[in-house]
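**Student:** Residue numbers (the working numbering): 80 to 434.
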Amino acid sequence: MTQSRDAYFRRVMDGSDRSISASALRTAAACIEPIYAGMMRLRNGLYDAGISPIHRLGRPTISVGNITTGGTGKTPVVRWLVKCLSDRRPCVLLRGYKSTKAGISDEQAMLEADGIPVIADRDRLRGAHTALKQHPEITNFVLDDGMQHRRAARDFEMVLIHAREPFGSGRVFPRGMLREPLGGLRRADAVVVTHADEVDPDELAKVSEAIRKHNGDVEVFHADHVIENLRSAEGESAPIQSLVGQRYFAFCGIGSPESFFWRLGTVGGTCAGTRAFADHYDYQERDLRSVFDEAKAVGAQRVVTTEKDWVKVSRFVAEVSIPIWRAELVVRFWRGEEERLLAAIRKRLGGQGDQ
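1) Closest to Ile217 by CA distance: which of Asp223, Gly225, Glu282, Ala207 is it?
2) Hey, His304 and Leu408: beta-carbon distance below 8 Å or not?
3) What did DSSP end up calling Ser316 once you bin it into helix, strand or coil?
4) Which class does Met256 belong to by DSSP, given the choice of helix, strand or coil?
5) With a Cβ-Cβ cutoff of 8 Å, do Ala284 and Leu136 count as a contact?
6) When the Cβ atoms of the region 239 to 251 are set against those of the region 196 to 212, are three or more pairs found closer than 8 Å?
7) With a CB to CB cut of under 7 Å and the five nearest residues on each side skipped, what residues in its chain are close to Gly263?
8) Within the present structure, is the beta-carbon of Gly378 separated from the nearest heavy atom of the ligand MG by less than 7 Å?
9) Specify the secondary structure class of Gly432 as computed by DSSP and reduced to three states.
10) Keeping to the same chain, check which residues put their C-beta closer than 7 Å to that of Val299; ignore five residues upstream and five downstream.
11) Between which two residues does the beta strand (DSSP E) harbouring Thr349 extend?
12) Three or more C-beta pairs under 8 Å: does that hold for the region 244 to 257 against the region 95 to 102?
13) If Gly347 sits next to Leu322, beta carbons under 8 Å apart, how far is it from one beta carbon to the other, in whole angstroms?
14) Would the beta-carbon of Ile133 fall within 8 Å of that of Phe235?
15) Assuming the contact rule is C-beta atoms closer than 8 Å, Gln320 and Arg381 should be a hit. Round their C-beta distance to whole Å, please.
16) Check whether the region 104 to 124 and the region 381 to 400 are in contact - that is, three or more C-beta pairs closer than 8 Å.
17) Within 10 angstroms of the Cβ of Ile424, are there 16 or more other Cβ atoms? Answer buried if so, exposed if not.
18) I want to know whether the region 362 to 380 touches the region 305 to 316 - three or more CB-CB distances under 8 Å.
In structure tokens form, the structure reads like this:
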């Protein structure tokens with residue numbers, strides 16, 4: 080497996096890389112950590128006290144966000160939420176992080192392919208104004224990655240936590256993966272532990288216990304990110320079980336590549352190799368050529384990637400030597416939890432009109 084910069088950073092921050100250079104980076108990051116954490120506490124305190132203004136967006140708003148950097152499986156959750164609230168005509172407001180030269184991020188391309196109205200703007204207030212001009216029929220906003228965007232008011236705060244990597248080694252950026260101190264969890268109206276089936280029940284219980292230390296009243300939900308189907312470059316759909324008996328090579332550029340590789344490994348095929356690129360990686364033709372050379376060298380019969388990566392590599396696959404398939408992920412909540420979470424969201428949003 081080729082290690083991406085993101086993977087290297089995680090190994091440095093969690094202490095698993097014991098090299099001299101990694102130790103030096105941890106020491107330097109530890110000096111900066113209290114400054115950054117203090118700034119985040121001050122910033123949040125100003126918003127909580129009403130000193131820094133919080134602005135309504137003109138429609139009831141749900142935030143889906145993370146307290147850590149890296150992948151929690153946010154985009155599939157946003158897709159699930161928008162589908163469930165389709166009767167309310169939602170629009171997704173996202174930052175458009177690491178957009179391509181065409182100005183479109185992988186998340187935006189995926190959501191728009193589903194027919195979902197999407198506005199990408201670093202300034203969510205300006206994005207909301209644009210959305211209402213373009214789509215006056217909107218009755219709800221979904222803030223993609225909105226937890227730390229405190230200027231935008233929200234009626235429901237959903238925080239996602241990855242079961243395998245829940246709290247970024249417990250350290251705040253740049254020493255760890257936390258975007259802000261864990262006290263920020265007190266703002267959550269619901270916490271969804273994603274990739275929940277990747278750890279054992281004891282680990283899940285520890286995650287819930289840690290969450291409730293910072294927000295004793297919040298309800299904790301659990302969801303698995305499941306691959307239901309594979310789709311070929313030509314658009315052919317096949318069940319994930321079609322990997323059984325196949326040698327495959329997997330690659331991706333997402334926040335948590337280990338989860339994707341692990342999920343594929345539960346199917347029953349033979350993993351001939353993997354390649355992890357940086358999160359939101361902007362692929363070039365040479366990258367895909369390198370992937371396929373590596374896949375061919377290990378005798379892979381298929382190359383498998385994610386939907387997010389497919390958005391950026393699809394323009395380069397006209398003459399690939401091995402079939403490439405993209406995995407279609409869906410969010411599957413634990414029994415009874417999906418209904419409870421949707422009921423809590425609808426209760427908070429119910430009866431609210433333009434504001």
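Every residue gets a Cβ at the ideal spot worked out from N, C-alpha and C, and that includes glycine.
**Tutor:** This is what the structure gives:
1) The count along the sequence shown starts at 1 and reaches residue 217 at position 138. When only C-alpha atoms are compared, the closest one is Ala207.
2) Residue mapping note: residue 304 aligns to position 225 of the sequence shown, counting from 1. Residue mapping note: residue 408 aligns to position 329 of the sequence shown, counting from 1. Their beta carbons are under 8 Å apart, which means His304 touches Leu408 by this criterion.
3) Along the sequence shown, read from residue 1 onward, the residue named residue 316 stands at position 237. Here DSSP, grouped into helix, strand and coil, assigns Ser316 to strand.
4) Residue mapping note: residue 256 aligns to position 177 of the sequence shown, counting from 1. In the three-state reduction of the DSSP assignment, Met256 falls in the coil class, being assigned neither a helical nor a strand state.
5) Here residue 284 is taken as the residue at index 205 of the sequence shown, counted from 1. Here residue 136 is taken as the residue at index 57 of the sequence shown, counted from 1. Taking 8 Å as the Cβ cut-off, Ala284 and Leu136 do not qualify as a contacting pair.
6) Judged by Cβ distances under 8 Å, the region 239 to 251 makes no contact with the region 196 to 212, as fewer than three pairs qualify.
7) Your numbering for residue 263 matches position 184 in the sequence shown. Same-chain partners within the cutoff: Asn123, Ile146.
8) Annotation note on the ligand MG: not contained in the displayed structure, which lists no ligands.
9) Taking the sequence shown and counting its residues from 1, the one referred to as residue 432 is at position 353. Residue placement at Gly432 is poorly supported in this model, since its pLDDT is 43, which falls under 50; the coordinates still yield a value, given next. Three-state DSSP puts Gly432 in coil, outside helix and strand.
10) Here residue 299 is taken as the residue at index 220 of the sequence shown, counted from 1. Cβ within range, chain order: Val270, Val272, Ser287, Ile290.
11) As a first step, residue 349 is located in the sequence shown; it is residue number 270 there, counting from the start. That run of the beta strand (DSSP E) goes 349 to 355.
12) Taking a contact to require three or more Cβ pairs closer than 8 Å, the region 244 to 257 and the region 95 to 102 do not qualify as touching.
13) Reading the sequence shown from its first residue, position 268 is the one you call residue 347. Reading the sequence shown from its first residue, position 243 is the one you call residue 322. Going by Cβ atoms, the distance from Gly347 to Leu322 rounds to 7 Å, so yes, they are a contact pair.
14) For this step, residue 133 is matched to residue 54 along the sequence shown. For this step, residue 235 is matched to residue 156 along the sequence shown. When the beta-carbon positions are compared, Ile133 and Phe235 stay at least 8 Å from each other.
15) Here residue 320 refers to the residue found at position 241 when the sequence shown is read from its first residue. Here residue 381 refers to the residue found at position 302 when the sequence shown is read from its first residue. No, Gln320 and Arg381 are not in contact; Cβ-Cβ is about 13 Å, not under 8 Å.
16) No, the region 104 to 124 is not in contact with the region 381 to 400.
17) For the purposes of this step, residue 424 is taken as residue 345 along the sequence shown, with counting starting at 1. Of the residues assessed, Ile424 falls on the buried side of the cut-off, its CB having 16 or more other CB atoms within 10 angstroms.
18) Segments in contact, no.
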